[in-house]
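Right, one structure below, let's go through it.
Protein chains in written order, with our numbering: chain A, 460 to 708; chain B, 460 to 708.
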């Protein structure tokens, strides 16, 4: 099994969004997708943000994305075409995780059933989060799921709501015992320090669930001896292998 | 019926606390209590913050409170002694609403039953909010309540959770039709602009409930033709009558 981290560029957010109610300077954060080559197919988790959408609707987030940082270009860097992907999974449906969904028209799209419903009829305070609706095109092929599930051998989705109502994290367990499991917490917390301090993002729908999801991420990591990968941690991101480099599990 | 607004001083908060996820400069906000002389007794709603506690635990909020802005001094300004108060009500149990509770030892203290439980066993993100526990002294005489209720003729408590789990707002309806009803929204929103924009405070436990509570405050105000009084609106506060001046209803 091979795992690529696909660099998708970066945006700028308030410190109180990085860590709820904790003041500090604005911070530029990375955005990325995860590509996994598996015996059962080629799985893509999230698709980053769309530059045009972000410039139009969230220009204050000062998006930066080169042509090489789009999802199709990143797939190519990993040696694949858009048409090679067999399953698209979204951890949740915020604009910076769905921006490239539109490139996979008709492809099976696994998403939490509550996330799908909420993204279509969201709370007013979720306006910016769910502002990119291009994932919900005519003929989209959703596979709504719920509960924890093993998507394919060694690819575990586990429910971690709080940031959004139907948020999933991903655990990748290796085929060989030599490799370490990888745990993609996605947006349960944005950074390593946020996990250590137990501080969820400033954007959330259910902060009590958020507290439980932070505990769950820690428990799953401990139980499986997994390395946690943070969704929006600029410092940690520099230490990750980026496509075309990859992790072998 | 007479209604006094008791000036309790001021603190400084982040703009993202005034309005969730909306950046801006820090803002100094007022804190006040509400005293109502009623045929059934003398009712005190909230007791502001304790200067010593705030300086010790939340010094970054730069509290300002003169000796004349303590609750005993403000009561005296309105012509009463601490011992004249017959019922103490807390909209919720955050430090800036309970700081003077300790002066009313043994007095009946009306509070939402869920608020009481939550303040004693709060979420980690509620640490600062519930940091002043001096209201929970040995021999405290709580009257836990739930649901909407008419505390005394014309004094209506209605549930408005979101900011906290057991938050109450207060509607005061006049004895004579000449006066306008007064609606104390407390911390459903902090300011008039926040109500107009529908933006709840950055500190909250259930933002979905917060959205419904904002709608409820607007509905109650419209239904009763009430003026809304904002808990932490520096601009609006200058337009309110302050003790010893009062409203007659």
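Think of the CB as a built atom: it goes at the ideal place given N, C-alpha and C, for glycine as much as any other residue.
The contact set of residue 476 (chain B) on chain A, defined by CB atoms closer than 7 angstroms, consists of 480 in chain order. Secondary structure at residue 486 (chain A): strand, using DSSP grouped into helix, strand and coil.
Contact between residue 462 (chain B) and residue 570 (chain B) does not hold, since their C-beta atoms are separated by about 21 angstroms, which reaches or exceeds 8 angstroms. Cβ proximity to chain A below 8 angstroms picks out 582, 583, 584 from the stretch 581-600 of chain B.
As the crow flies, the alpha-carbon of residue 676 (chain A) is around 13 angstroms from that of residue 650 (chain A). Taking 9 angstroms as the threshold, the shortest C-beta distance from residue 664 (chain B) to chain A falls below it. Of all residues in the stretch 661-695 of chain B, only 661, 662, 664, 666, 667, 670 come within less than 7 angstroms of chain A when Cβ atoms are compared, listed by chain position. In this structure, A:485 is the residue among A:491, A:485, A:622 with its C-alpha nearest to the C-alpha of residue 471 (chain A). Excluding residues up to 5 positions away in sequence, 474 lie with their Cβ nearer than 6 angstroms to the Cβ of residue 483 (chain A) in the same chain.
DSSP places residue 546 (chain A) inside the beta strand (DSSP E), whose first and last residues are 546-548.
Under the 9 angstroms criterion on CB atoms, residue 573 (chain A) is classed as non-interfacial with respect to chain B.
Collapsing the DSSP output to three states places residue 527 (chain B) in a helix. Of the residues assessed, residue 645 (chain B) falls on the buried side of the cut-off, its CB having 16 or more other CB atoms within 10 angstroms. Between residue 556 (chain A) and residue 507 (chain A), the CB-CB gap stays under 9 angstroms. In terms of Cα proximity to residue 520 (chain A), the closest of A:530, A:529, A:509, A:527 is A:509. With distances taken between CA atoms, residue 624 (chain A) lies nearest to A:604 out of A:637, A:604, A:610, A:568. For the stretch 640-658 of chain A, the beta-carbon criterion of a distance under 8 angstroms to any beta-carbon of chain B is satisfied by 657, 658.
The stretch 607-624 of chain B makes contact with the stretch 495-503 of chain B, as at least three CB pairs between them are under 8 angstroms. From the listed residues B:591, B:526, B:460, B:498, the smallest Cα separation to residue 517 (chain B) is found for B:591. DSSP places residue 643 (chain A) in the strand class (E or B) of the three-state scheme. Look at the stretch 561-620 of chain A and you find these whole runs of alpha helix (DSSP H), each 4 residues long or longer: 572-579. Sequence-distant Cβ neighbours of residue 466 (chain B) in its own chain, meaning closer than 6 angstroms and more than five residues away, are 491, 528, 701. For residue 661 (chain B), the secondary structure class from DSSP, reduced to helix, strand or coil, is coil. For residue 585 (chain B), there are no CB contacts under 6 angstroms within the same chain when 5 residues up- and downstream are skipped. With three or more CB-CB distances shorter than 8 angstroms, the stretch 665-685 of chain A counts as touching the stretch 635-645 of chain A. Taking 9 angstroms as the CB threshold, residue 473 (chain B) lines the interface with chain A. The bridge partners DSSP lists for residue 494 (chain A) are A:463, A:503.
Per DSSP, the continuous beta strand (DSSP E) segment holding residue 686 (chain B) begins and ends at 686-689.
In this structure, the straight-line span from the alpha carbon of residue 669 (chain B) to that of residue 580 (chain A) is close to 17 angstroms. By the 16-neighbour rule on beta-carbons within 10 angstroms, residue 469 (chain B) is buried.
In the structure shown, residue 631 (chain B) falls within a strand segment according to DSSP collapsed to helix, strand and coil.
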